[in-house]
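The numbering of the sequence shown is the numbering used here, which starts it at 369 and goes up by one.
Ideal placement from N, C-alpha and C gives every residue a C-beta, glycine not left out.
Below: one structure, written as structure tokens.
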Amino acid sequence: MSYPRKHLLAIEGLEPPHIADLLDLAESYALLNRSGKTQRDLLKGRTLINLFFEDSTRTRTSFELAGKRLGADVINMSVSTSSVNKGETLLDTASTLNAMHCDLLVVRHGQSGAPSLLSQKVDAAVINAGDGTHEHPTQALLDALTIRRHKGRLEGLVVAICGDIAHSRVARSNMHLLTTMGSRVRVVGPPTLIPAEAARLGVEVFHDMKAGLAGADVVMMLRLQRERMSGGLVPSAREFFRFYGLDAEKLAHAKPESIVMHPGPMNRGVEIDSAIADHPTRSVIGEQVEMGVACRMAVLDVLSRQLPRNR
Ligand code: NCD
Numbered sequence: 369m370s371y372p373r374k375h376l377l378a379i380e381g382l383e384p385p386h387i388a389d390l391l392d393l394a395e396s397y398a399l400l401n402r403s404g405k406t407q408r409d410l411l412k413g414r415t416l417i418n419l420f421f422e423d424s425t426r427t428r429t430s431f432e433l434a435g436k437r438l439g440a441d442v443i444n445m446s447v448s449t450s451s452v453n454k455g456e457t458l459l460d461t462a463s464t465l466n467a468m469h470c471d472l473l474v475v476r477h478g479q480s481g482a483p484s485l486l487s488q489k490v491d492a493a494v495i496n497a498g499d500g501t502h503e504h505p506t507q508a509l510l511d512a513l514t515i516r517r518h519k520g521r522l523e524g525l526v527v528a529i530c531g532d533i534a535h536s537r538v539a540r541s542n543m544h545l546l547t548t549m550g551s552r553v554r555v556v557g558p559p560t561l562i563p564a565e566a567a568r569l570g571v572e573v574f575h576d577m578k579a580g581l582a583g584a585d586v587v588m589m590l591r592l593q594r595e596r597m598s599g600g601l602v603p604s605a606r607e608f609f610r611f612y613g614l615d616a617e618k619l620a621h622a623k624p625e626s627i628v629m630h631p632g633p634m635n636r637g638v639e640i641d642s643a644i645a646d647h648p649t650r651s652v653i654g655e656q657v658e659m660g661v662a663c664r665m666a667v668l669d670v671l672s673r674q675l676p677r678n679r
């Protein structure tokens, strides 16, 4: 198992063998979870703290479940953003966590770079659970695992990531992971929601859904992150759906056996039609959640191997 770091702060910078090894380990945890078995001795005596400065349903609960399935003591700390005085409070928090001898620290924060800052101040291994518009590495891992289970590979696949790319840490981590693993990544959305750096990341840019979805193996839909927008970058939800919402007509341009993904939370009728979100064969949204637990178990496992014993 090759993983070169103490923390998992981003996908950017990881090389194909690191990603492939993490996915292989996550696959073994997916099978273990389906068998109903657990491995409660692996993180026995370790403390995992979930430190969430932003709302979360899936990510927080799946880290909690992953930690518990591996035997860790799990503590959830939700901090309301309004009471946070950025840098100073973060660093105060860091010293508190150090005093608690936390081994694994899962952090979600509205500011890009916050988990990285924390990682310089705590003894624990830090996992970025989403920072601002920057990265959400475990989401990209679970997306890649879900794709690999359905398509058998990542290399050469055409993956269309659609909607609000500019404000999405999910899109950014996926762009890094999928291009590193040899997928052909497209981003599809209105010009106001495509980041300037898209070309530098080696992805193709489309402003039209039909062209962007043509021949795609994977269609990944994203929510409009209105909380991160500083003005009216999109017209009405209704108009957005008309041009960029995934419905049967637009999906017909992708390959007939293509899969539909969404990291959640979904806004039905805005970026995705309910009939597609709930489609029995094309939608793999439920499986993404399942793979989330497996991927987070793999990440906790790998990072804990590098921690000193008896802290
Ligand atoms: C995403 C996030 O928080 O970045 N959700 C998630 O982790 N499953 C996407 C979003 O909030 O739209």
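State buried or exposed for residue i, treating a residue as buried only when at least 16 other CB atoms are found within 10 Å of its CB.
i: L590; result: buried
i: P559; result: exposed
i: T548; result: buried
i: M468; result: exposed
i: E503; result: buried
i: M588; result: buried
i: L570; result: It should be noted that the sequence gives Gly, not Leu, for residue 570. Result: exposed.
i: T415; result: buried
i: T514; result: buried
i: D585; result: buried
i: R664; result: buried
i: D409; result: exposed
i: P631; result: buried
i: D646; result: exposed
i: A616; result: exposed
i: A564; result: exposed
Can you determine whether any heavy atom of the ligand NCD sits closer than 7 Å to the C-beta of residue i, and answer yes or no?
i: R537; result: yes
i: S341; result: The displayed coordinates of the chain run from 369 to 679. Any statement about residue 341 would go beyond what the structure contains.
i: R540; result: no
i: G498; result: yes
i: S413; result: The question names Ser, but residue 413 in the sequence shown is Gly. No - the ligand NCD has no heavy atom lying nearer than 7 Å to the Cβ of G413.
i: G599; result: no
i: G637; result: no
i: H504; result: yes
i: Q488; result: no
i: T427; result: yes
i: Q407; result: no
i: R591; result: yes
i: Q479; result: no
i: G632; result: yes
i: Q674; result: no
Give the single residue among the options whose Cα lies nearest to the Cα of residue i.
i: Q407; options: S396, A394, K489, R437; result: R437
i: L561; options: A508, G600, A378, L671; result: G600
i: M597; options: G632, R540, S536, E607; result: S536
i: D576; options: L569, S448, A528, G524; result: A528
i: L485; options: S396, T461, S604; result: T461
i: A398; options: R516, R650, M629; result: R516
i: T427; options: Q507, V490, L377, S626; result: Q507
i: A497; options: L376, R568, M665, H647; result: L376
i: M659; options: D392, D646, L675; result: D392
i: H544; options: M634, S448, P505, L668; result: P505
i: K405; options: A388, G439, L390; result: G439
i: E395; options: L675, D511, A605; result: D511
i: G550; options: L525, A564, Q674; result: L525
i: A534; options: R673, R521, V602; result: V602
Apart from the five residues on each side of it in sequence, which residues of its chain come closer than 7 Å, Cβ to Cβ, to residue i?
i: E432; result: N418, V442, N444
i: F609; result: G637, V638
i: V363; result: The shown model of the chain, from 369 to 679, leaves out residue 363, and the question about it has no answer.
i: I379; result: E503, P505, A508, S541, H544, L545
i: V494; result: H375, L377, L473, V475, P483, L486, S487
i: N466; result: V490, D491
i: L458; result: A482, L485, L486
i: P384; result: T548, M549
Whose C-beta lies closer than 6 Å to the C-beta of residue i among residues of the same chain, with five residues either side of it excluded?
i: R677; result: none
i: Y371; result: H386, V670
i: G613; result: E639
i: D532; result: L561, L590, L592, Q593
i: S463; result: none
i: V573; result: V555, I562, A566
i: S403; result: none
i: S642; result: R636
i: A605; result: V638
In chain order, what residues of the same chain have a beta carbon less than 8 Å from the beta carbon of residue i, not counting five sequence neighbours either side?
i: G500; result: H477, G478, Q479, S480, G481, A482, R537, R596
i: R650; result: L619, S626, I627, V628, I644
i: E523; result: M549, G550, S551
i: A388; result: M549
Legend entry - Validate contact between the segment 619-636 and the segment 465-473 using beta carbons, cut 8 Å, 3 pairs: Inter-segment contact for the segment 619-636 and the segment 465-473 is absent: fewer than three beta-carbon pairs are separated by less than 8 Å.
Inset, instruction - Could you say if the segment 653-660 and the segment 406-425 meet the contact criterion of at least three C-beta pairs nearer than 8 Å? - result: With contact defined as three or more Cβ pairs closer than 8 Å, the segment 653-660 and the segment 406-425 are not in contact.
Legend entry - At least 3 beta-carbon pairs within less than 8 Å: the segment 539-557 vs the segment 578-586: Counting Cβ pairs under 8 Å, three or more are found: they touch.
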